[in-house]
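Taking it in order: structure first as structure tokens, then the write-up.
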Amino acid sequence: MKAHYRSAIAELSYLDDAAPVKKKCFIKVYSQACIKALEPSQADAFRHSKIRKQVQLDPDSQFANIEKIGQAMEEAAALKARLQQCQSETEPEKTEVATALEAGLQARIIEWYAY
Numbered sequence: 444m445k446a447h448y449r450s451a452i453a454e455l456s457y458l459d460d461a462a463p464v465k466k467k468c469f470i471k472v473y474s475q476a477c478i479k480a481l482e483p484s485q486a487d488a489f490r491h492s493k494i495r496k497q498v499q500l501d502p503d504s505q506f507a508n509i510e511k512i513g514q515a516m517e518e519a520a521a522l523k524a525r526l527q528q529c530q531s532e533t534e535p536e537k538t539e540v541a542t543a544l545e546a547g548l549q550a551r552i553i554e555w556y557a558y
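Per this note's numbering, the very first residue in the sequence shown carries number 444; after that it's consecutive.
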């Protein structure tokens with residue numbers, strides 16, 4: 444808004460040295476500047492044309508205190524222990540299945556050579 448009335452004040456400054464006249468001129472120029480500043484064309488300049496994207500959160504900075512950090516570390520350790528337990532339970536099953544498949548494959552190869 445200041446940009447609208449600065450130039451008008453500069454033009455009026457050389458006309459008269461009387462304070463009351465300058466005050467009246469300033470009030471008049473200021474009211475005109477307010478009207479110009481609030482025009483729809485000026486208001487559109489302040490609107491955002493793009494939709495703002497959501498800020499990505501950094502997982503390392505989302506903890507606010509030591510208690511939450513400790514709790515998160517405990518949860519991570521518990522999850523790691525559960526995953527290791529599940530892997531140790533499924534490994535014997537995998538080896539049994541692999542040996543059965545290999546035995547079946549060997550039997551098929553022998554049958555194929557026999558014919």
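Cβ atoms here follow ideal geometry from the backbone N, Cα and C, with glycine treated the same way. Everything numeric in this text was worked out from a predicted model, so none of it was measured.
#### Entry: Backbone CA spacing between Ala550 and Thr538 [nearest angstrom]
Roughly 18 Å separates the two Cα atoms.
### Task
With DSSP collapsed to three states, give me the class of Lys467.
Here Lys467 sits in helix by DSSP.
#### Entry: Classification of Ala541 by the beta-carbon crowding that lies within 10 angstroms, buried from 16 upward
Taking all protein chains in view, the Cβ of Ala541 is surrounded by fewer than 16 other Cβ atoms within 10 Å, so the residue is classified as exposed.
### Task
Count the other CB atoms, across all protein chains shown, that sit within 10 Å of the CB of Ala520; report buried if there are 16 or more and exposed otherwise.
Exposed, by the Cβ-count rule.
### Query
Rounded to a whole number of angstroms, what is the C-alpha to C-alpha distance between Glu482 and Arg449?
Answer to the nearest angstrom: the Cα atoms are 18 Å apart.
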